[in-house]
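Working notes, structure below.
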Amino acid sequence: MRKNICGVVRKELDELMLDEACSSSAAAHLRECAGCREFHQQQTKLRQIVGSLGTVSAPADFDFRLRARLASDSSSVAYLQFARRGFALATVLLVFATGAFLVRNVMDRPASPPEEVVSSSPQPAIPESSKQVEVSGAKEFQGNPGPQPVASKPEKRPQTIRNEQALLAASRTPRRLIAKDSSSTGAEVMRVKEAENAFEAFPLDAALDSFKVSLDDGRGNARTISVPTISFGSQRMLQTSNQLAPKRAW
Amino acid sequence: MTLRKLIRVTTIAGTLLYCAAAVAQTPAPSPKRPAPPVKVGRAGADKLPAAPQVVTIIHRLNALKMFRLLLRSEQYVQSVDALDSVFNLMDDVHTNVIAGLAMDDGTIAAWLPEAEVELGPPDMAPLLPVAPRAPKPPRASRFGVVDVPDITVIGPEGKRLAAKYVGLDVVTGLSILRLVNKNAVQAVALTDEPLHTGATVLLFSPEPVANIPGAQAMLRGNLYARMGAIEGRIRDVMPAPSGGVARFKMSAPKLSRANIGGVAVNEAGETIGIVDGLVEGNEASILPAALIRRAAQRVLEQQASVPRPWLGVKGEAITALNLDQIQNHGWELQRAEALAGKHRGILLTSVAPDSPAAKASLKAGDVILKVDDKEIQTADDFTWWLEQAGPSSLVEFTVARPDQPAEDSLNVRLSGLLYPAVLSFNLRTRFPKTRTSSLMEQGIETIALKPPVATQLGTTAGLLVVYVEPSTAASEAGLQPGDVIQSIDGKPVSAFKPPAQPTSFTFEIFRNKEKLVVVVPAKKN
């Protein structure tokens, strides 16, 4: 019980300012307790020593340096947080890339060897002349490797025509590379939708109303022609002579 | 790590793995393909350019050109009886939209269906050898520049590209244009690689846009077009008599006349040809790359339209005739059987008067066996070798005749014809020694106006001038398309009879409802 009273009194004494009097209960306790009295005397001496020291003024840039120091402390903390997040993101990306690589390998793995493809998917016979022409084309390529090598084209073929490509490749023995590539490599060709989407739509400032004219052939025969405002391709608006000579006339 | 954090990380990892699987199923860009770094896709999509060499050509015809086209139509047109009340001679009345092929030297080849309207008047004397014409300089008038075809080129990105019309190659039907900035289109080389039956072909041709997602407001009240593509297969490759490919066919499920002029591209994006016609069913005939290049070369060398060679005959291949048909042209049975047994030659069924053939003493019933030592088996062979010789060239024919046992050898100087032979024949027979033919000889094309129509143009009756050939006396005297000729040499046009040897023509014309007099020195024949 006494210890508790000593603690309370010492806390009060510790918070006292210099030359400030303590409470009556604390003073009564000091008269009775020697330990607390000694504590009070030490505290008073310490305060007197500190109070006797002169005033020290802060440098002019103290405030700035203090703020800079505080900011640097906080940025180092932020950097540590960023490094931790970056490391986590890199880990996630690594997982993503690994997953993509594995899935791609699984997707691109040929279902069967090329020989089996040929036997399992009957294709129209290739004319002998066509085969000969292709072989000659292959020879040309071997002698003249250009910037767009012929051997690279089959790589761009879509999966839907891979079987046909495998058949063609199998028929071209000098071009083993083509056969290998076309049967196992990913496809990249223009598809109809992609091709269409590659072009921008543009406005056509065509006439709004069709042009109507009544004509006479000089023999009393009249007719009215309505010319469409717009046509696509060779949708000729009039029955005119063709640009090309009629057949069997030279 | 708390349980919540663990769940969160697991969810994110699972989502990413799912996305990775989706990405892995899409084809990766081939590292071997040198993809040009241009954006041709929509709205920021960076992708491989799909045939950047394909452009769109917009060919506009005003009312005057429409009348020119009517004059060239197979049906006789003598006068205009009535017109819409709202009418302006220079208003666009028709727009044709067709694909064009941009080549790497800035040349564009396109199969314009109405290209003949941009040519001069049909040659009334096509018998003379055709000399290269000098380029026609554009000429200004109150209507603007009247001799420049109204053609707009639209690039793959929808931008307008400046180009000028050079000329028509009549052999192929291709019009040749030149881009002002030859690098405006990223051209892809034409390929002469062997064509294989069954190979995939993409055919690009413009089509109207039904709807553009997210752009309905833009479409309201406007007509839009875009290059469309259909996929087909090569069906038949027809070899040329001199080697190479003459034509090939492609089949596709939705072919129509709108696809004529379309640019055919192989899977690698290289141009393999231009569609120049439809065959029966869903098949199109395609002009191969080598012939496109040659056509462009011909026109660029001349800097003008290049006519087709003209001989002045009609005929049929012996292989397509039976013995009776051969005998009907003066051949005895025994010789007709021998002729048919050889399976070669073209039997001439008619020869045009004053034509190169007539001048070389070719007659109906003659059979042309060889052209410059090249044997002729089919009509296509004959056409091919004449086209290879070209207009104005001298060719040697080996001829069998019904009244002559030995084969004969003839040298023939071919002529050139910008218009189909039938049209020139029609014009000569349609307007022999008339006012029309007399004016056409002066480079003036006209169409008669009935009073109600003439009233709309500020006069009572007359001839509407629809074309004046540049560099002629009429052009230099100031006669312009759109003028209405009210009288010639003081006589109403309806009463005018061309003199045998005119020295000049005095035209009383109406221009902008104002009366003018133009004197044109007559062209000496």
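Respectively, the protein sequence lines represent chains A and B. If you use this note's numbering, the first sequence closes out at 1303, no skipped numbers anywhere. If you use this note's numbering, the second sequence closes out at 527, no skipped numbers anywhere. Cβ coordinates follow ideal geometry from the N, Cα and C atoms, glycine included.
Within 10 angstroms of the Cβ of residue i, are there 16 or more other Cβ atoms? Answer buried if so, exposed if not.
i, result
"His345(B)", "exposed"
"Leu420(B)", "buried"
"Pro404(B)", "buried"
"Asn183(B)", "exposed"
"Gly492(B)", "exposed"
"Ser411(B)", "exposed"
"Ser1279(A)", "exposed"
"Leu1142(A)", "exposed"
"Ala502(B)", "exposed"
"Asn261(B)", "buried"
"Leu1021(A)", "The structure shown does not extend to residue 1021(A), since chain A is modelled only from 1054 to 1303, so the question has no answer here."
"Gln304(B)", "buried"
"Ala227(B)", "buried"
Please return the same chain residues whose Cβ sits closer than 6 Å to the Cβ of residue i, not counting the five positions on each side in sequence.
i, result
"Gly102(B)", "Val57, Ile59, Ile110 and Ala112"
"Lys376(B)", "Trp387"
"Val455(B)", "Val82 and Leu85"
"Ala381(B)", "Ala319"
"Val315(B)", "Leu350, Val353 and Ala359"
"Pro504(B)", "Ala524"
"Glu120(B)", "Pro151"
Note down, in chain order, each residue of its chain lying with its Cβ closer than 8 Å to the Cβ of residue i, except the 5 sequence neighbours on either side.
i, result
"Glu1181(A)", "Its pLDDT being 36, under 50, Glu1181(A) is placed unreliably in this model, and the value from its coordinates should be taken loosely. Closer than 8 Å at Cβ, skipping near neighbours: no residue."
"Gly283(B)", "Ser253"
From residue i to residue j, what distance separates their C-alpha atoms?
i, j, result
"Val522(B)", "Ser496(B)", "19 Å"
"Ile232(B)", "Leu63(B)", "28 Å"
"Val82(B)", "Leu1268(A)", "5 Å"
"Ala270(B)", "Leu197(B)", "13 Å"
"Ala450(B)", "Asp1262(A)", "24 Å"
"Pro140(B)", "Val470(B)", "At Pro140(B) the pLDDT is 45, less than 50, meaning the model places this residue with poor confidence; the figure from the coordinates comes in the next sentence. Their Cα atoms are separated by approximately 13 Å."
"Leu1147(A)", "Arg6(B)", "23 Å"
"Asp1270(A)", "Gln80(B)", "5 Å"
"Ser1284(A)", "Glu118(B)", "16 Å"
"Ala529(B)", "Leu325(B)", "The requested residue 529(B) is not part of the displayed model; chain B covers only 3 to 527."
"Val414(B)", "Glu389(B)", "14 Å"
"Phe1255(A)", "Phe1264(A)", "24 Å"
"Gly264(B)", "Met229(B)", "10 Å"
"Phe69(B)", "Val468(B)", "7 Å"
"Gln1094(A)", "Leu1069(A)", "12 Å"
"Pro337(B)", "Gln379(B)", "Inspection of the sequence shows that residue 337(B) is occupied by Arg rather than by Pro. Whole-angstrom Cα-Cα distance: 18 Å."
"Asp1258(A)", "Val99(B)", "12 Å"
"Lys525(B)", "Glu478(B)", "12 Å"
"Ala1087(A)", "Ala1136(A)", "58 Å"
"Val239(B)", "Leu518(B)", "60 Å"
"Ala362(B)", "Pro241(B)", "31 Å"
"Thr321(B)", "Leu341(B)", "9 Å"
"Val1266(A)", "Gly108(B)", "39 Å"
"Glu1065(A)", "Ala1079(A)", "8 Å"
"Val168(B)", "Asp93(B)", "24 Å"
"Pro355(B)", "Leu364(B)", "11 Å"
"Asn1274(A)", "Leu293(B)", "43 Å"
"Leu280(B)", "Thr174(B)", "15 Å"
"Pro472(B)", "Gly480(B)", "11 Å"
"Leu465(B)", "Ile274(B)", "47 Å"
"Ala306(B)", "Glu339(B)", "47 Å"
"Arg1084(A)", "Phe1092(A)", "13 Å"
"Leu163(B)", "Ala1153(A)", "43 Å"
Whole-angstrom Cβ separation of residue i and residue j, contact assumed at under 8 Å?
i, j, result
"Leu366(B)", "Thr351(B)", "Per the sequence presented here, residue 366(B) reads as Ala, with Leu not at that position. Confirmed, about 6 Å."
"Ile328(B)", "Leu313(B)", "About 21 Å separates the two Cβ atoms, so there is no contact after all."
"Pro2(B)", "Leu416(B)", "With chain B covering only 3 through 527, there is no way to say anything about residue 2(B)."
"Asp1067(A)", "Gln1096(A)", "7 Å"
To which residues of the same chain is residue i closer than 7 Å at the C-beta, ignoring the five residues directly before and after it?
i, result
"Thr13(B)", "none"
"Gly234(B)", "Val203, Leu205, Met252, Ser253 and Ala254"
"His1082(A)", "Ile1058, Val1062 and Cys1089"
"Thr400(B)", "Leu371, Lys372, Glu409 and Ser411"
"Glu447(B)", "Arg70, Leu73, Pro123, Val468 and Tyr469"
Is the CB of residue i under 8 Å away from at least one CB in chain E?
i, result
"Ile328(B)", "Checking the listed chains, one finds no chain E in this structure; the protein chains it contains are A and B."
Notebook entry, point to check: How about the region 285 to 296 of chain B and the region 248 to 266 of chain B: do they share at least three Cβ pairs that are nearer than 8 Å?
Noted result: Touching, yes.
Notebook entry, point to check: Between the region 450 to 462 of chain B and the region 512 to 519 of chain B, are three or more C-beta pairs nearer than 8 Å?
Noted result: Under the Cβ criterion (8 Å, minimum of three pairs), the region 450 to 462 of chain B counts as touching the region 512 to 519 of chain B.
Checklist line | At least three beta-carbon pairs within less than 8 Å, the region 194 to 210 of chain B to the region 255 to 269 of chain B | finding: Verdict: yes, contact present.
Item checked: At least 3 beta-carbon pairs within less than 8 Å: the region 500 to 510 of chain B vs the region 480 to 491 of chain B -> Contact holds: three or more Cβ-Cβ distances are below 8 Å.
Notebook entry, point to check: Between the region 172 to 186 of chain B and the region 292 to 301 of chain B, do three or more beta carbon pairs fall short of 8 Å?
Noted result: The region 172 to 186 of chain B makes contact with the region 292 to 301 of chain B; the number of CB pairs closer than 8 Å reaches 3 or more.
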